[in-house]
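From first to last, the protein sequence lines stand for chains R and S.
Each residue of the first sequence is one higher than the one before, counting from 11 in the numbering used here.
Each residue of the second sequence is one higher than the one before, counting from 11 in the numbering used here.
Don't be surprised by glycine CBs; every beta carbon is placed ideally from N, CA and C.
One structure is given below, encoded as structure tokens.
Protein chains: 2
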Amino acid sequence: MQDDGTDRPTLASVAALAQVSKQTVSNVLNAPHLVSGATLERVQAVIDEVGYRPLRAAQQMRSHRSQLIAMRIEPVREAFGGSVLDQFLHALTRSAEESGQRLVLFTADDAEAEVGAYDELVASFAVDAFVLTGTSHGDPRTAWLRRRRLPVASFGRPWDDPDGRSWVDVDGAAGTRAAVEHLLAQGHTRIAWLGWPAGSGTGDDRRAGWVDAMSSAGLPVAGLEAGLPDDLAVAQATALGLVAARGVTALVCASDSLALGALGAVRELGRRPGSDVAVVGFDDSPVAAALGLTSVAQPVVAAAAACIDLLRGQLDPGPPGSPAVDQPVLLPPRLVVRASSDRGADPAAAATSLPFPPSP
Amino acid sequence: MQDDGTDRPTLASVAALAQVSKQTVSNVLNAPHLVSGATLERVQAVIDEVGYRPLRAAQQMRSHRSQLIAMRIEPVREAFGGSVLDQFLHALTRSAEESGQRLVLFTADDAEAEVGAYDELVASFAVDAFVLTGTSHGDPRTAWLRRRRLPVASFGRPWDDPDGRSWVDVDGAAGTRAAVEHLLAQGHTRIAWLGWPAGSGTGDDRRAGWVDAMSSAGLPVAGLEAGLPDDLAVAQATALGLVAARGVTALVCASDSLALGALGAVRELGRRPGSDVAVVGFDDSPVAAALGLTSVAQPVVAAAAACIDLLRGQLDPGPPGSPAVDQPVLLPPRLVVRASSDRGADPAAAATSLPFPPSP
DNA sequence: GTCCGTGGTTGGACCGTTCCAACCCGGTGG
DNA sequence: CCACCGGGTTGGAACGGTCCAACCACGGAC
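Take a look at the structure:
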């Protein structure tokens, strides 16, 4: 119930009201164990009454903690609305505020500009930590941050540096493995892989799960895969070839865009998606939900929470000898089964949820 | 070239190096016209040399400016990846940093939580201003902010309060009008409207442009429209009816999701999208680009810049008598023509860019 | 020659916190 | 009886800037 016209309450004003020193009020908030029960109660009452909140800027001056975490917001994003990074951003904001911190955003066109932005953020705003996404090969960014000993957590493995610490990622291989196993259970055996060209860490990881699950089941993979750019038309053409010429009955894809292309191919061949030829995507974008496309969903909320945990561990390291907190975290994804890969589904239901049913 | 181990340069350290007082250094940065040419040059040299940047927190203590702008990041977003708000967020971040400010994010599940978040952000972080999105009817949020006299800019008109100031929006009617005119030029006359149920300001606005353009062309609109939820399957069924039973040859849609449903219907009827039946979406989501769907693109970059301008105007109002700066801004969108509405397009090109061509 | 105004510069108070050293006081141990 | 200890509390310095009033030198007006 704080008045409008009046000034913001300060430590001093609270102290005056509670008839104690500023320091005692500060202790009530930061080190309650130092304060006797009676005073604690009295001071707390005043604090609640006037709605006092410490001013972060003032705290920051002495404690050198801004309670701000910086993250770069990327311009272009993945093909379909960048939903994964968006959801991640949202989840990260939430996780951060649960631990009393806030996220500040910045943009950068290239690596050089990004380091410039770091400099500005650290020097001016004194941000406490950084969350990185999409760390690439030979990154000058990580080097800069490490040199300054700034807490960092990255969402996505630093593929070029297997010993890298302090990252959180989703186990892509586990995702595609689950997809293949789901398709095997549906009776499919000719299961193809529609992926990206070799060389991208994420893409290779996802492909590995397919290879793994196929060979575990004693099935061949030769001739059943393709590496393409993330383009719908190209994917459609390729999928068409795989289904028509190679007898493929199921396609596991590295992304929802590729899967959407595959769906188009199935339709073009006059096969029924789901019943005749199954398609599974990756990332569970809104498009997948809208089209009834089975897809592998990334646990973004858990990933964001893990990032914040990593940062907290680096910000206030426990007593010496306590367990290291910058251990990498690898999270399992979740397969969301929809009509595009479900033979058991009610055909009528499949028809409504798949907006591109075969011609009569 | 600032050393690593050494402490951050401060106003005092710069002053000592340049043999002037702290105040003069401050003047060099904030009021250069007060400083003589010679000293200006000398001080500036030292500043550059040591890479000095004022600490925002310290400035904030006296000036009561945090250089932070807060924006709520929404959890669910529109159907297709919320690409508009994402692009807006990115553009806003960029515009903000061009004027030396930063964006901080926050989340809130309901209006009450949102006001709580305002309180926290204002009291603790002392954010300078807020950017709102999706202001709805009888908003308690705006009231709270206005009571505190906090600078606000909203992206999206406050439909319930036509006299509201300080908003930026995109002229939806102009967008659909352009779409209809484009279709008229292609020779269409039976142009339907696939929109949302009446009552949403944005939806009604977009519909108005269709009505307007149709009647300007002397064409009837009766029986050529439908108001639906933003669902792909429903849109498909409705579009099917419009095309099959009403002889519609072109559909203008309130969103890309609806348009995608319409595309499905066209395909299902064995008509060729683009050549036989045209479809136009709204928002120009990545899905539209991937599918070759003509769509109305919102000028998010301009909208973001306009929001920042509005805030700047409120933060430091010019001399009395200067023009009011919280005037609403209404921006024209841009029609992005793709294969889904282009009869002149190379049929082969249309075939590759439209992944769901008719069955042979 | 005194007075004034003005461009350039300065010292010091101040913003709202936390850190640090000191203080007070009742209880113990010598 | 005094030194010592430790829980509870206090005053003051410090953080790194900005705001304000004063100061200095100097040229022009009277």
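Through-space distance from residue j to residue i, alpha-carbon basis
i	j	result
R/W169	R/I318	21 Å
S/R281	S/G205	22 Å
R/A202	R/L261	5 Å
R/I83	R/D120	12 Å
R/E122	R/A163	20 Å
S/V429	R/S265	As displayed, chain S neither begins before 11 nor continues past 370, which places residue 429 of chain S out of reach and without an answer.
R/L238	S/A315	37 Å
R/D336	S/C263	49 Å
S/E59	S/A28	11 Å
S/S396	S/R112	Absent from the model: residue 396 of chain S. The displayed extent of chain S is 11 to 370, so no value can be given.
S/A68	R/A68	8 Å
R/D293	R/D222	20 Å
S/G144	S/G166	6 Å
R/E235	R/G251	11 Å
R/H74	S/P343	46 Å
S/R72	S/R159	19 Å
R/D374	S/D96	Given that chain R is displayed from residue 11 to residue 370, the structure contains no residue 374 of chain R and the question cannot be resolved.
S/P230	R/L131	58 Å
R/A360	S/D149	Note that R/A360 scores a pLDDT of 49, beneath 50, so its modelled location is shaky and nothing firm can be said.
R/L8	R/G291	With chain R covering 11 to 370 only, the question about residue 8 of chain R has no answer from this structure.
Chain-order list of residues whose beta-carbon lies under 8 Å from that of residue i (same chain, five-residue window excluded)
i	result
S/L50	V38 and P42
S/S226	none
Chain R within 7 Å of residue i, Cβ atoms only
i	result
S/T117	yes
S/T362	Caution applies to S/T362, whose pLDDT of 47 falls short of 50 and renders its modelled position unreliable; the model cannot decide the point.
S/A272	no
S/T212	no
S/S134	yes
S/V244	no
S/D120	no
S/T143	no
S/V180	no
S/V297	yes
Identity of the residue in the options nearest residue i by Cα
i	options	result
R/G228	R/G211, R/R200 and R/Q308	R/R200
R/L371	R/V253, R/R156 and R/V347	Any question about residue 371 of chain R goes unanswered here, given that chain R covers just 11 to 370.
R/V178	R/A349, R/V311 and R/R353	R/V311
R/R353	R/T20, R/S226, R/H192 and R/G144	R/H192
S/G271	S/S176, S/A249 and S/V125	S/A249
S/E107	R/V180, R/A118, R/S109 and R/L44	R/A118
R/A188	R/V53, R/D266, R/G166 and R/V347	R/V347
R/N40	R/L27, R/A223, R/L21 and R/A28	R/L21
R/G233	R/R151, R/V253, R/T186 and R/A247	R/V253
S/V35	S/A208, S/G47 and S/Q54	S/Q54
S/R57	S/H74, S/H100 and S/S23	For the record, residue 57 of chain S in the displayed sequence is Ile; it is not Arg. Selected option, being the one with the closest Cα: S/S23.
R/M455	R/T103, R/R63 and R/D286	For chain R, the structure presents residues 11 to 370; residue 455 of chain R sits outside this window and is missing.
Residue-chain proximity (residue i, chain S), Cβ-Cβ < 7 Å
i	result
R/P283	no
R/V114	yes
R/P85	yes
R/D96	yes
R/T103	yes
R/R63	yes
R/A300	yes
R/A372	Not covered by the structure: residue 372 of chain R. The range shown for chain R is 11 to 370.
R/Q70	yes
R/H373	With chain R covering 11 to 370 only, the question about residue 373 of chain R has no answer from this structure.
R/H100	yes
Neighbourhood of residue i by C-beta distance below 7 Å, restricted to the same chain and skipping five residues each side
i	result
S/G182	T212, D215, R216 and G219
S/S31	A25
S/P283	L273, V276, R277, V289, S350 and L364
R/L242	S267, L270 and G271
R/W154	V125 and Y128
S/D17	none
S/L194	A227
S/A208	D214 and G237
S/S109	I318 and R322
Neighbourhood of residue i by C-beta distance below 6 Å, restricted to the same chain and skipping five residues each side
i	result
S/R66	Q77
S/G374	Any property of residue 374 of chain S remains undetermined from this structure, which presents chain S solely from 11 to 370.
S/L321	A139, P161 and A163
Given 8 Å, three or more beta-carbon pairs between the stretch 289 to 299 of chain S and the stretch 130 to 138 of chain S: no
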